[in-house]
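> To convert, note that position 123 of the sequence shown is 127 in the numbering used here; the numbers rise steadily by one, no gaps.
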Amino acid sequence: MTRTIHILNGPNLNLLGKRQPEIYGADTLADVEAQCRAVAAEFGLECILLQSNHEGQIIDWIHEARQVAAGIIINPAAFTHTSVAIMDALNTFEGPVLEVHISNVHKRESFRHHSYVSLRAEGVIAGFGIDGYALAMRRMGSLVG
Ligand code: CA2
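This is the structure:
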């Protein structure tokens, strides 16, 4: 059984730490990956962090995860609120799915209050900044044993 967790990130998150630090903080995706890797190691897990601005690429990565990942942590970014296709892809993945949002989406515009991915996810973390990813990895450690 694979011990790898895939951490998938959606559009514009490549700009993390480079734009709008007042909303998304000063840390980059490289910092997120380092923090998640440290938590994963506590559970004997490995992790791979991926980011794309393209919906189809994220769907392809979810399909690939079906063969090689024990779990998925996903911040679908704006696709959270629009993508039935990403939800459908996640429904084909048999392991646990955890949804992360850096900002508190419920404190923001009403269009951010609905998530298609939440219909599939075992759990959702929002508003904890990038700490949410490491918290999700800790939960993933419990879920995959
Ligand atoms: O809070 C989150 O993590 C979001 O998924 C971020 C998305 C937003 O559309 C969701 O409603 C909530 C936006 C990602 C944009 O990422 C940036 C990061 C740094 C600078 C600019 C954009």
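Glycine included, C-beta positions come from ideal geometry on N, C-alpha and C.
Owing to the predicted nature of the structure, the values given are computational and were not obtained by experimental measurement.
Within this structure, are the beta carbons of residue 32 and residue 21 separated by less than 9 Å?
Yes, these two residues count as a Cβ contact at 9 Å.
> Is it the case that the Cβ atoms of residue 116 and residue 67 are separated by a distance below 9 Å?
No. Outside cutoff.
> Taking only runs of the beta strand (DSSP E) that begin and end inside the stretch 38-80, which ones reach a length of at least 3 residues, in chain order?
Entirely contained in the stretch 38-80, the beta strand (DSSP E) runs reaching 3 residues are, in chain order, 50-55 and 75-79.
> How would you write the range of the beta strand (DSSP E) that residue 9 sits in, first residue to last?
From DSSP, the beta strand (DSSP E) with residue 9 extends over 8-13.
> Can the beta-carbon of residue 29 be found closer than 9 Å to that of residue 133?
Going by C-beta atoms, residue 29 is nearer than 9 Å to residue 133.
> Compute the Euclidean distance between the alpha carbons of residue 119 and residue 92, then round it to the nearest angstrom.
Rounded to whole angstroms, residue 119 to residue 92 spans 13 Å at the Cα level.
> Following the continuous beta strand (DSSP E) through residue 125, name the residue where it begins and the one where it ends.
Element bounds for residue 125: n/a, residue is neither H nor E.
> So for residue 17, helix, strand or coil by DSSP?
Helix.
> Exposed or buried, what is residue 163 when buried is set at 16 or more other beta-carbons lying within 10 Å of its beta-carbon?
No statement about residue 163 is possible, as the shown extent of the chain runs from 5 to 149 and does not include it.
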